[in-house]
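Numbering (the numbering used here), first residue to last: 46 to 490.
Glycine included, every Cβ here is placed at the ideal spot set by N, Cα and C.
These notes are about the structure you will find just below.
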Amino acid sequence: MYNYDEFMANLERRNPAEGEFIQAVGGVVESVIDLVNDNPAYINAKILERITEPDRVVSFKVEWEDDDHNVQVNRGYRVQFNNTLGPYKGGLRFHSSVSLGSFKFLGFEQTFKNSLTTLPLGGAKGGSDFSPRGKSDNEIMRFCRAFMTQLQKYIGPETDIPAGDIGVGAKEIGYLYGQYKRIRDENAGVLTGKGHLWGGSLIRPEAAGYGAVYFAREMLKRYNDTLEGKRVAVSGFGNVAWGVVKKATELGAKVVTISGPDGYIYDEEGVSTQEKWNYMVQLRLSNNDIVAPYAQRFGAQFIPRKKPWEVPVDLAFPCAIQNELSLEDAQSLVANGVKYVLETSNMGCRREAENFFIAQKIPYGPGKAVNAGGVAVSGLEMAQNAMKLSWTAQEVDDKLQQIMQNIHKACLTHSPEEGGYVNYVKGANIAAFKRVADAMLELGY
Ligand code: 2IT
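Laid out in structure tokens, this is it:
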């Protein structure tokens, strides 16, 4: 029999100073501990201990030269967390804040998220403390070359298939894939999120954001509601936020905020035109990591150094980075009448914020369910690469919608109904855990 506090104290002892990893594991263990305690097979096979320990952690040195001919040294990581369900799969993050603990939390989350997609994908994550902010395109290219020169030793199309994440978009994936080909002379789809000219899938750039909105549509349906006429707050301005903004607008909602590390934009008219969406892409490609110029360009308000959770909205989609939404932010959203919260960034909400939404009976979708559309379409990209075929945008989008509907259904199936309120956190964690744990039992050790 497991005791939550005891298990977590042991985990902390084994993984000191890895707060984000402890937080991510704590969320899952809390949801599944009763299930495990009711299931002697899980207890005897030590599933909880084994599922919280990464299969492999790789760290490597990345040496490159900046535009002033200074030698730069960064650290690269790949955490191959769990390959029970398929080859290791998950993104690469280039951000100054990362540490081993971040990649362990992300690899752990990815394992469960990938399980929810029902595709044959294990979980992994990697990246570097290199930040593209303020770098020239040539510097980014040289860094990507140096990074892949090391990473290529550990990945392969049947072993481990990285993709993008924060700081790694189509441009970086291009430089990384180019170097992989130069070294290995293989056309294997070893990365996803590739450009369409060289093996990428249509809809992959939009997939995480579109998927989040498809999940929201299902959630609202469950409460006899629709997106039509809803006011929406989005944080972030990257790939994921961009997809949410486009699809939410298309389905009749009005997105009034986006944000960056410098503050947030309040656009009363809605971030609702092709021109505005193109501008979001331009902002991202500028490598400056700021949203302020949007305000001037489109006559919107810029609120410096603040987050958008103080604006009255019906739906909130945190799409920026982990722990971006605090308890105070959650209280402010609820006080202003928020009706649904869709965590779209990985672990975007602090545990206290998440628990507050649930206590207030606000329907709350956790990131591993809501944002799974991104990796799901990565799985579809792998399938197309293996078949040497390319599906139409419509074919990919139809499959994405089906996958998001199924994830929503899985959450309902495994969520304890609390007087008509759906606890999506429990539902997602239990559905995801059961698939990995049952496969682990069948595979032995
Ligand atoms: O967090 C994520 O799911 C991703 N960054 C995408 C991973 C992938 O392999 O497409």
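When the options are compared against residue i, the one with the closest alpha-carbon
i	options	result
Gln319	Tyr199, Pro61 and Val290	Val290
Glu110	Asn183, Val420 and Gly223	Asn183
Val326	Phe282, Ala54 and Glu75	Phe282
Asn82	Gln117, Ala286, Asn48 and Leu387	Asn48
Ile218	Lys198, Arg249 and Thr204	Arg249
Thr204	Asp100, Ser317, Gln439 and Arg95	Asp100
Ile200	Gly64, Asn284 and Gly171	Gly171
Val235	Lys198, Thr302 and Lys454	Lys198
Glu273	Val279, Ala261 and Asn284	Ala261
Gly136	Asp79, Thr163, Ala86 and Ala215	Ala215
Gly472	Ser280, Ser317 and His459	His459
Glu295	Ile228, Leu360, Leu445 and Val258	Val258
Gly212	Asp112, Gln195, Ala54 and Leu328	Leu328
Leu93	Ala482, Gly244 and Glu487	Ala482
Tyr16	Asn89, Leu80, Gly245 and Gly64	Given a span of 46 to 490 for the chain in the structure shown, any question on residue 16 remains unanswerable.
Glu263	Leu387, Ala54 and Lys479	Leu387
Phe478	Met53, Glu75, Arg276 and Gly64	Glu75
Arg11	Ala361, Val358 and Tyr309	Outside the displayed span of the chain (46 to 490) sits residue 11, for which this structure offers no information.
Gly315	Ser331, Gly305, Pro306 and Gly344	Gly344
Leu457	Leu265, Lys275, Glu251 and Arg138	Leu265
Gln125	Glu108, Leu151 and Val107	Leu151
Thr129	Arg120, Pro165, Asn115 and Asp50	Pro165
Phe347	Lys239, Pro202 and Tyr311	Tyr311
Buried versus exposed, by CB contacts within 10 Å (16 or more), residue i
i	result
Thr271	exposed
Met46	exposed
Met392	buried
Gly14	Here the chain has residues from 46 to 490 only, and residue 14 is not among them.
Leu434	exposed
Trp354	buried
Glu154	buried
Arg58	exposed
Leu425	buried
Leu488	exposed
Asp359	buried
Rounded distance between the beta-carbons of residue j and residue i, thought under 8 Å
i	j	result
Val73	Asn474	5 Å
Ser423	Ala398	About 28 Å separates the two Cβ atoms, so there is no contact after all.
Pro363	Ser390	5 Å
Asp174	Ser141	6 Å
Gln224	Arg187	Contact flag wrong, Cβ pair sits at about 10 Å.
| So does the segment 441-449 actually touch the segment 403-420, counting three or more Cβ pairs closer than 8 Å? | yes
| field | Sufficient close CB pairs (3 or more, under 8 Å) joining the segment 176-194 to the segment 83-103 | value | no
| If we count Cβ pairs, one from each stretch, closer than 8 Å, do we get three or more for the segment 360-372 versus the segment 324-338? | no
| request: Assess, as a yes-or-no matter, whether the segment 299-318 is touched by the segment 372-392 under the definition of 3 or more beta carbon pairs within less than 8 Å. | output: The way I'd put it, the segment 372-392 doesn't touch the segment 299-318; fewer than three beta-carbon pairs between them come closer than 8 Å.
| message | Under 8 Å: do the segment 339-346 and the segment 307-322 share three or more Cβ pairs, one atom per stretch? | response | yes
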